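Number of protein chains: 2
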Amino acid sequence: MAKPVSGRAELLPLLGEVFRAHGYEGATLSLISEATGLGKGSLYHFFPDGKQQMATEVLAEIDGWFEVNIFAPLRSSGDPEAAVAAMIEGVDRYFRSGRRVCLVGVIALGASRDMFAVQVHDYFKRWNDALSRLLSRSGLGARAARQRSTDALLTIQGALVLARALDDPAIFRRALSDVSERLLAPPD
Amino acid sequence: MAKPVSGRAELLPLLGEVFRAHGYEGATLSLISEATGLGKGSLYHFFPDGKQQMATEVLAEIDGWFEVNIFAPLRSSGDPEAAVAAMIEGVDRYFRSGRRVCLVGVIALGASRDMFAVQVHDYFKRWNDALSRLLSRSGLGARAARQRSTDALLTIQGALVLARALDDPAIFRRALSDVSERLLAPPD
DNA sequence: GACTCTCTGTACCGATCGGTACAGTCTCCG
DNA sequence: CGGAGACTGTACCGATCGGTACAGAGAGTC
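Those protein sequence lines, which keep their order, are chains A and B. Per my numbering, the first sequence runs over residues 1 to 188. Per my numbering, the second sequence runs over residues 1001 to 1188.
As structure tokens, this is what we get:
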């Protein structure tokens, strides 16, 4: 076994960028082949089930990144202010201040949503749960916490759309600072 | 001339739903043919430049609908409260309370953005201008007005993404009511 | 009834789609 | 050094892609 897992691990981010840029249906095998430098032979060696498996594993990798870098810290933190700041910072880095698009969001909007419905649903639900529980722990009512949390997630997604549509990354940065403020505002 | 323009007008909404559901790249000619009941012959009779022309005209039609039903009322109104309420109501109807996706947003996220960059940019810019000027007229500073307006647009887009991802239209309705509230809040 | 012009279905085009087959190359291990 | 198994490129598959060609169908005009 030469480098079975490590090669695969280096592959997923490359695949992710192709899916991000072209969506699931738009990401053709030849685009993927070009982006990775791998022929179909190698691609199908790593992913015997083809495109769908590639997308599934890319989504799982993204999910894993957020689990470690965003969700888990949210769950274990006792300091809402620091936790929210860390989340915002992580999100800003991940989305390159609005210049990078959210693959999970892209898939949610497209026809391939049904194919990946469970993964897409899970990703946002776990984020929402982790964030709203942090807010609850900090003294907010369950309903208000859930509401603020949902508002935060949707603002991030919308900011990515609008920043790209208007080609203005400042929209994303500003939206993140709004999110932070609304999340940490005193109870109504 | 049998019914040259009227047939075309009936065609565009059908085309719009196909692009909405599958994105630009995912909307194949056969999907379009099936949705409209028209063969390629007819399709290329109405749209000699093919798929790209279809999408361009669909975007123009959507733009026209928003111009008449959303942007113009925003521009001509002197009553911010009524104007915002009318906008929210129109948006809720148009997006079928979150069950329908925004084609302009879908295209903004995809690889076809570059192809339609001008139309996408224009759509959001004109909405943003109309809304922020309404807010300015009502006494808000230009900077704050622009900020609140941008926040409103991005919240609507994000709510569409999240409502679809979590398969929960209530997210959209709730987001609209938040938008309304933040738009009409007293100056900080 | 002949002519015009809008509209339509069908057959077809080369290119590309996602996927398969397979012979080879490389590397590690004994 | 020889075999095993991980990897790779190439040729190929049937299906479908977006688009074109074209012969008609149908309705309106004279």
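Ideal Cβ placement from N, Cα and C applies to all residues, glycine included. Predicted model only: the values in this text are computed from it and were never measured.
- Per the C-alpha coordinates, the member of 1062(B), 1152(B), 1070(B) and 1024(B) positioned closest to residue 1013(B) is 1062(B).
- Taking the CA atoms as reference points, residue 1147(B) sits about 25 angstroms from residue 1097(B).
- Put simply, the backbone Cα of residue 1184(B) is about 34 angstroms away from that of residue 1021(B).
- One Cα belongs to residue 1041(B), the other to residue 1051(B), and the distance between them is close to 13 angstroms.
- Between the beta-carbon of residue 124(A) and that of residue 153(A) there is about 6 angstroms, and that keeps the pair under the 8 angstroms contact cut.
- Apart from the 5 residues on each side of it in sequence, residue 1119(B) sits with its Cβ closer than 6 angstroms to the Cβ of 1059 in its chain, given in chain order.
- Counted as a single uninterrupted DSSP element, the alpha helix (DSSP H) harbouring residue 1132(B) occupies residues 1117-1137.
- Cβ atoms of residue 1101(B) and residue 1164(B) come within 8 angstroms of each other, at about 6 angstroms.
- For residue 1164(B), the closest Cβ of chain A is nearer than 7 angstroms.
- Residue 105(A) sits close to residue 157(A), with the two beta carbons spaced by under 7 angstroms.
- Contact between residue 1176(B) and residue 1091(B) holds, since their C-beta atoms are separated by about 7 angstroms, short of 8 angstroms.
- DSSP places residue 1075(B) inside the alpha helix (DSSP H), whose first and last residues are 1072-1076.
- The DSSP-derived three-state label of residue 1019(B) is helix.
- Judged by DSSP secondary structure, residue 1154(B) falls within the alpha helix (DSSP H) whose first and last residues are 1142-1165.
- With distances taken between CA atoms, residue 1150(B) lies nearest to 1179(B) out of 1179(B), 1028(B), 1018(B) and 1070(B).
- With respect to the C-alpha of residue 57(A), the residue from 143(A), 19(A) and 72(A) having the closest C-alpha is 19(A).
- The beta carbon of residue 25(A) sits closer than 7 angstroms to some beta carbon of chain B.
- Annotation: residue 1099(B) has no Cβ neighbours in chain A at a cutoff of 7 angstroms; minimum Cβ distance is about 13 angstroms.
- In the three-state reduction of the DSSP assignment, residue 28(A) falls in the coil class.
- Against chain A, the CB of residue 1109(B) has a partner CB under 7 angstroms away; the residue lies at that interface.
- Here the alpha carbon of residue 144(A) sits roughly 12 angstroms from the alpha carbon of residue 134(A).
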